[in-house]
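To start, the structure itself, in structure tokens.
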Amino acid sequence: MTFNFYFDVASIIAFLVLIVMVISTKHIMNSSFKILCHLTVAAFLVPVFDICRADAVTYRFDESVVLVFNMLFFMAHTFVTFYFLMFVMSQVEMTEVRTKVKNALIYTPLAICVILILLMPKFNTIFYYNLEEGFVRGPLYPLVNIVPAGYFIWTLIYTYRKRELLDKSFKKMIILVTAINLITIIVQIFWPNAAIRSFMLSMSAFIMYFFEEHGRAHIEDDTNLVDKDYLIETGLKMVRNEYPFSIILIRIANYDALSDTFGHNNTKALALNIASHVGNQFDLGSCFRISESTIAILNTETEKTDELTNRLYDELSDSWEIEGLDISCDILMTNIEYPGDTEGFENVVALVRYFNNMERSVGGVIDIKELNISEHIRVNLVENAIERGLKNNNFEVYYQPIRDLDKDTFVTAEALVRLTDPELGPISPAEFIPIAENNGTIVAIGDFVLETVCKFVADNDMEKLGLHYIELNLSVIQCLQKDFIENVESIVKKYKIDPKYLCLEVTETASNYSPAVFTKNLEALGERGYSLALDDFGTGYANIERMVTSDFRIVKFDKEMTQYSTSEERLQNVFAKLQNVIHSMDSMVVAEGVETKEQYDYLKKIGCDYIQGYYFSKPVPQEEFVEFIRDNNA
Ligand code: C2E
Ligand code: CA
Ligand code: CA
């Protein structure tokens, strides 16, 4: 009995610590946290009733007292595992929308167990006690193990089935808790005196609580607002459960102007005041901080959305007293109804973002449908596709052969990245590269392309194929990274290839970047043996200046320039003359976008160096490219 007792005391102490921790921090009382609280209480009662049961025996209480504690002990036990399943389900489902059948299924084993426990005094079904024999196992004793084990196994199966919807660390928690408890149940069956079960339950409760702690949304102390990740989490769950909702958005439209006039601190204080004014009117967990100037409210009473929006607009559009200053702000509001205003939760997120970043500094209530948002939504979808693509290897590198007109063979190729998303299908680099440059993911994409090309060079006998080098596109953003050169070098070294096999194409863009760093990095590449190409010559911006100042082995004439070669005579001349200038600087010319025999003949006639275009081949996957080269260079 002493063995038993120490474990019980340890778990009671652990639970007390846990309960103090729970009470002393702010929590969002959503359904899963409520279930977790129930679970903790039930688990806490297990060792408590165990001790009562043992003491009642030791101090020779009446048989009926022992029996009651015994029953309570088993009850608490069964409830814990039941709550565990409910807790895991609550991460995916909303109890409000669960079907009656499903509920019945979940509750039945629990109900059977409870009935059997209640029948214990009369029928000695499970586990009984009398003064002569002590505790005795009844014929149905295995049920007190089977039902909890069943709930745990159910939880595991459920987790497996919903694995896509559950967080990685959450799944780890489930496996850990289930494993601990299943092992404990097995130990108990074979070694009934090792009463470690209650101790393991308290350990499980700790693990679950810390997981909750870990994954819990951040709650702003002074306003009761929650961060936007929690909005996404809750919204997604509602969408999955087909539960209608609306999001009411509030923004201080003239935030920047106020900041300039009244100072950043006062403006921030104003935003906090407004946020807490709103936050205090709603439950914890339904108001969210989107940015310093924007908050969102998740509203489930959708029929009241417009009324609520207008009421809040009137309330907030007053003037606010901050540090003795009367600040009146322009409140901009809108609401998004789901479903209704848009399809798919990704679009809801895109709308929230759009509203937050919208160029508008005057207040008012706007109808979200009036905003031209389709483009913004597409950008958001493509951003997601890029993220997914990097995670799941949806990117590929295609190669487009480039022909040397003098030698009449293909001496090089341009590597072009491709993205095929399982949801959006193929996305053109012309669309996703600018988006990737904007959000910085171009660096990871660029690394992927460089790795793939290096691997290609390392795996193939370039000389035998008749290839001198491979051209790849380098974004200005990549080029401006602090560790750009080291990064390129580390990838190239990893595959042990000579830099002479790589030619990096750069384009001049008119964005506001630092030309000094750009030029310095290009020079550093040149010194290390990489060759450089100036891409898209003839479009856009100050290419002549760039061409003269940097050492380009190749200048690539853009598709449009190639068109000139077959259009009016005057433009044909321009093409030929420019080519002469480039030759005089010891650079070679690649004409891009050659599609017709006419273009090919003309370019050959005027002595153009290289040709790239659909006339020979579209960009194709690696194997197809190698085959093409073997067939044509033989
Ligand atoms: P770019 O560097 O000017 O690449 C040439 C584009 O012209 C390619 O488009 C190619 O498929 C297309 N093209 C080739 N021959 C013909 C032709 O005969 N007719 C026509 N109409 N088009 C032809 P793509 O692959 O869609 O790439 C678009 C742009 O995306 C590229 O233009 C480049 O700026 C960018 N890009 C592609 N791959 C990468 C990459 O790996 N990294 C970076 N930073 N940008 C890339
Ligand atoms: Ca290019
Ligand atoms: Ca180009």
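Using the numbering used here, read the sequence shown as starting at 1493 and increasing by one per residue. Using N, Cα and C, we set each Cβ at its ideal position, and we do this for glycine too.
- Hey, quick one: how far does the beta strand (DSSP E) through serine 2023 stretch, first residue to last? The count along the sequence shown starts at 1 and reaches residue 2023 at position 531. Element bounds for serine 2023: 2023-2029.
Q | Same chain only: Cβ atoms within 7 Å of arginine 1629, ignoring 5 sequence neighbours per side | A | The residue given as residue 1629 occupies position 137 in the sequence shown. Phe1619, listed in sequence order.
> If you compare alpha carbons, which of Pro1640, Asn1884, Phe1698 is closest to serine 1503?
Replying inline: On the sequence shown, residue 1503 is found 11 positions in, with the first residue counted as 1. Selected option, being the one with the closest Cα: Phe1698.
For lysine 2089, which residues of its own chain have a beta-carbon under 8 Å away from its beta-carbon, when the five flanking residues on both sides are left out? The residue you call residue 2089 lines up with position 597 of the sequence shown. Cβ neighbours of lysine 2089 beyond the five flanking positions: Tyr2107.
Item to complete: Kindly indicate which residue of Val1935, Val1841, Gln1973, Ile1977 has the alpha-carbon position closest to the one of serine 2006.
Response: Here residue 2006 refers to the residue found at position 514 when the sequence shown is read from its first residue. Residue Gln1973 is the option with its Cα nearest to serine 2006.
* Going by C-alpha distance, which of Trp1683, Ile1638, Ala1749, Lys2051 is nearest glycine 1855? -> In the sequence shown, counting from the first residue as 1, residue 1855 sits at position 363. Closest option to glycine 1855, Cα to Cα, is Ala1749.
- On the three-state DSSP scale, how would you describe valine 2081? Stepping through the sequence shown from its first residue, residue 2081 is reached at position 589. Three-state result, valine 2081: strand.
**Asked** Taking a cut-off of 6 Å, which residues have a beta-carbon closer than that to any heavy atom of ligand 3, in chain order?
**Response** Asp2027, Asp2028, Lys2048, Asp2050, Glu2084
Taking just the CA atoms, how far does leucine 1800 sit from glutamate 1963? Position 471 of the sequence shown, counted from the first residue, corresponds to residue 1963. Position 308 of the sequence shown, counted from the first residue, corresponds to residue 1800. Each residue's Cα considered, the two are about 58 Å apart.
### phenylalanine 1571, buried or exposed, once every other Cβ within 10 Å from all chains shown has been counted against 16
Translated into positions along the sequence shown, residue 1571 becomes position 79. Counting Cβ neighbours within 10 Å, phenylalanine 1571 comes out buried, since at least 16 surround it.
_If I follow the unbroken alpha helix (DSSP H) through glycine 1642, where does it start and stop?_
One-based indexing of the sequence shown puts residue 1642 at position 150. Run containing glycine 1642: 1635-1653, per the alpha helix (DSSP H) assignment.
Check your understanding: Does the segment 1531-1543 come close enough to the segment 1736-1756 to have 3 or more Cβ pairs within less than 8 Å?
Key -> no
Taking the straight line between their C-alpha atoms, what separation do you get for glutamate 1807 and alanine 1763? For the purposes of this step, residue 1807 is taken as the residue at position 315 of the sequence shown. For the purposes of this step, residue 1763 is taken as the residue at position 271 of the sequence shown. Rounded to whole angstroms, glutamate 1807 to alanine 1763 spans 14 Å at the Cα level.
**Asked** Looking at C-alpha atoms only, which residue of Val1871, Val2047, Lys2069 is the closest neighbour of aspartate 2078?
**Response** What you label residue 2078 is simply residue 586 of the sequence shown in a count that begins at 1. Selected option, being the one with the closest Cα: Val2047.
Per the DSSP calculation, glycine 1932 is bridged to which residue(s)? The residue given as residue 1932 occupies position 440 in the sequence shown. Partner(s): none; glycine 1932 has no beta bridge.
Could you tell me if leucine 2070 is buried or exposed, where buried requires 16 or more neighbouring beta carbons within 10 angstroms of its beta carbon?
As a first step, residue 2070 must be located in the sequence shown, where it is residue number 578. Its Cβ being crowded by 16 or more others within 10 Å, leucine 2070 is buried.
Length of the line joining the Cα atoms of threonine 1494 and aspartate 1719: Taking the first residue of the sequence shown as 1, we reach residue 1494 at position 2. Taking the first residue of the sequence shown as 1, we reach residue 1719 at position 227. In this prediction, threonine 1494 scores a pLDDT of 49, lower than 50, which makes its location untrustworthy; no coordinate-derived value is stated.
Can you give me the start and stop residues for the alpha helix (DSSP H) that tyrosine 1961 sits inside? Taking the sequence shown and counting its residues from 1, the one referred to as residue 1961 is at position 469. Not the alpha helix (DSSP H): tyrosine 1961 falls in the beta strand (DSSP E), residues 1961-1966.
inquiry  = Could you compute how far the alpha carbon of lysine 1899 sits from the alpha carbon of serine 1967?
reply    = Mapped onto the sequence shown, residue 1899 falls at position 407. Mapped onto the sequence shown, residue 1967 falls at position 475. The straight-line gap from Cα to Cα measures roughly 31 Å.
Task: Beta-carbon separation (whole angstroms), asparagine 1637 vs isoleucine 1598, contact threshold 8 Å - done: Numbered from its first residue, the sequence shown carries residue 1637 at position 145. Numbered from its first residue, the sequence shown carries residue 1598 at position 106. 19 Å between Cβ atoms; not a contact.
Going by the DSSP bridge assignment, what does isoleucine 1892 pair with across the sheet? Locating residue 1892 in the sequence shown gives position 400, where the first residue counts as 1. Checking the sequence shown, residue 1892 turns out to be glutamine, not isoleucine. BP columns for glutamine 1892 point to Glu1906.
- Can we count glycine 1855 as close to ligand 1, meaning its CB is less than 6 Å from some heavy atom? As a first step, residue 1855 is located in the sequence shown; it is residue number 363 there, counting from the start. The answer is no for glycine 1855.
query: Leaving out five residues before and five after phenylalanine 2067 in sequence, what residues of the same chain have Cβ atoms less than 6 Å from its Cβ?
result: Residue numbering aside, residue 2067 sits at position 575 when the sequence shown is read from its first letter. Hits under 6 Å: Tyr2056, Ser2057.
Does the distance from the C-beta atom of phenylalanine 1924 to that of valine 1874 stay below 7 Å?
-> Here residue 1924 refers to the residue found at position 432 when the sequence shown is read from its first residue. Here residue 1874 refers to the residue found at position 382 when the sequence shown is read from its first residue. It is a contact, given that the beta carbons lie within the stated cut-off.
Query raised in the report: I think leucine 1741 touches asparagine 1802, with their Cβ atoms under 8 Å apart; what is that distance to the nearest whole Å?
Result: Translated into the one-based positions of the sequence shown, residue 1741 becomes position 249. Translated into the one-based positions of the sequence shown, residue 1802 becomes position 310. That pair is no contact at about 14 Å.
Please tell me whether, using a cut-off of 6 Å, the distance from the CB of leucine 1480 to the nearest non-hydrogen atom of ligand 1 is below it. A question about residue 1480 goes unanswered here, because the residues of the chain that appear run from 1493 up to 2126.
Note to self: Within a Cβ cutoff of 7 Å, which residues of the same chain sit near alanine 2034, ignoring the five residues on either side of it in sequence?
What the structure shows: One-based indexing of the sequence shown puts residue 2034 at position 542. Any reading at alanine 2034 must be qualified, since the residue scores a pLDDT of 47, below 50, and its modelled position is unreliable; no value is offered.
*asked:* I'd like to confirm the pairing. Which residues does DSSP put opposite alanine 1788 in its beta bridges?
replied: Residue mapping note: residue 1788 aligns to position 296 of the sequence shown, counting from 1. Secondary-structure assignment with DSSP links alanine 1788 through a beta bridge to Leu1741, Phe1780.
Assign leucine 1994 to one of three DSSP states: helix, strand, or coil. Your numbering for residue 1994 matches position 502 in the sequence shown. In the structure shown, leucine 1994 sits in a strand (DSSP, three-state: E or B).
- In the segment 1666-1715, which residue ranges form an unbroken alpha helix (DSSP H) of at least 4 residues, counting only runs that do not cross its ends? 1689-1707
Helix, strand or coil: how does DSSP classify lysine 2048 here?
Mapped onto the sequence shown, residue 2048 falls at position 556. Reduced to three states, the DSSP call for lysine 2048 is strand.
Sorry if obvious, but does the Cβ on alanine 1922 come closer than 6 Å to a heavy atom of ligand 1? The sequence position of residue 1922 within the sequence shown is 430, counting from 1. True, at least one ligand heavy atom lies under 6 Å from that Cβ.
(message) For serine 1690, which residues in the same chain have their Cβ closer than 7 Å to its Cβ, ignoring the five residues on either side in sequence?
(response) To locate residue 1690, count along the sequence shown from 1; it is residue 198. Cβ within range, chain order: Phe1499, Asp1500, Ser1503, Val1538, Pro1539, Asp1542.
Next item on the list: Look at the alpha carbon of threonine 1600 and the alpha carbon of threonine 1573, and state the distance between them as a whole number of angstroms.
Entry: Counting from 1 along the sequence shown, the entry for residue 1600 is found at position 108. Counting from 1 along the sequence shown, the entry for residue 1573 is found at position 81. Between threonine 1600 and threonine 1573, the C-alpha separation is close to 13 Å.
Backbone secondary structure at aspartate 1818 - three-state DSSP | Position 326 of the sequence shown, counted from the first residue, corresponds to residue 1818. Strand.
Looking at the structure shown, is serine 2109 part of a helix, part of a strand, or coil, going by DSSP? Taking the first residue of the sequence shown as 1, we reach residue 2109 at position 617. Note: serine 2109 maps to coil in three-state DSSP.
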